[in-house]
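For reference, the structure is listed below as structure tokens.
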Amino acid sequence: MKASEREYRNIGIGINIFSYGITNHLSTAVGLVTILPYADIKYSMDFGKYVHMSIGGYAFIPFAFGVHGSVSIGTPDYFLNLSYLRNDDVESFYTDSDFESFGIGASFRVGPRSRVLAEFNIMTSPSSMYGYDAFYEYGYGDSFSWGYGWFGRKMRFETGLMAIGPIYNYNCFPEPCGNRYHVPIPFIAFGINF
127 MKASEREYRN IGIGINIFSY GITNHLSTAV GLVTILPYAD IKYSMDFGKY VHMSIGGYAF
187 IPFAFGVHGS VSIGTPDYFL NLSYLRNDDV ESFYTDSDFE SFGIGASFRV GPRSRVLAEF
247 NIMTSPSSMY GYDAFYEYGY GDSFSWGYGW FGRKMRFETG LMAIGPIYNY NCFPEPCGNR
307 YHVPIPFIAF GINF
């Protein structure tokens with residue numbers, strides 16, 4: 127975000143974030159993720175015309191906090207994005223939400239005001255004497271999203287599917303025991319700049 131730019135973003139109805147550009151390289155965000163208050167600060171930098179990076183920190187008040195970073199290669203019309211996120215829980219709340227997330231995504235413009243997008247994330251959790259902090263007995267989870275987006279000068283809208291998992295099926299009939307599958311979930315998202 128550039129200095130003084132403002133944006134409201136909604137993802138899947140439950141995530142509502144208001145962002146503000148403090149300078150051309152520093153931005154902040156506040157909002158609600160379901161019912162949890164959320165705050166974020168991010169520093170971004172361009173390395174030439176085709177390489178962009180950001181690094182920042184966030185908090186889900188009062189339960190967790192973390193850091194995030196990303197590198198984008200390309201232009202706003204065609205780009206590849208690599209991302210990292212580390213979430214740490216506040217131990218006194220016993221939320222067991224320690225995890226790391228690694229992601230790769232891409233966006234391709236397909237029309238004057240439209241694009242297709244895809245993203246894959248894998249999340250891993252540290253183990254303890256009681257199993258894993260998150261994702262229970264498996265210690266990892268992943269998601270794959272793909273969708274279509276429409277954008278204008280001040281507004282954008284995206285829709286698609288997100289497949290999350292792994293979920294294991296322990297029913298042994300008619301398929302083998304321990305079958306792994308992902309659950310597809312439709313999503314919508316929109317953003318308004320003002």
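Residue numbers for the sequence shown follow my numbering, so the first one is 127 and each next one is one higher.
Just so you know, even glycine gets a beta-carbon here, dropped at the ideal spot from N, CA and C.
Practice task
Using 10 angstroms around the beta-carbon of Ser67, count the other beta-carbons present and answer buried if the total reaches 16, otherwise exposed.
Solution key: Residue 67 cannot be examined here, being either before or after the span of the chain that is shown, 127 to 320.
Handout entry: Simplified DSSP assignment, three categories, for Glu226
Key = strand
Exercise for the section: Take Pro292 as the anchor and find which of Lys280, Asp268, Phe191 has the nearest alpha-carbon. Expected result: Asp268
Handout entry: Classification of Glu217 by the beta-carbon crowding that lies within 10 angstroms, buried from 16 upward
Key = exposed
Exercise for the section: Go through its chain and collect everything with a Cβ distance to Lys168's Cβ below 6 Å, but skip five positions before and after it. Expected result: Ser153, Ser180, Gly182
Problem - Test item: CB-CB of Leu243 and Gly200 under 9 Å - result: no
Exercise for the section: Answer with buried or exposed for Tyr184, where buried requires no fewer than 16 other C-beta atoms within 10 angstroms of its C-beta. Expected result: buried
Handout entry: Spatial distance of Ser130 from Ile318 (CA atoms)
Key = 14 Å
Handout entry: Residues near Thr149 by beta carbon distance below 6 Å, same chain, minus five either side
Key = Ala129
Problem - 8 Å Cβ shell around His151 - same chain, five flanking residues per side excluded - result: Tyr169, Ser170, Met171
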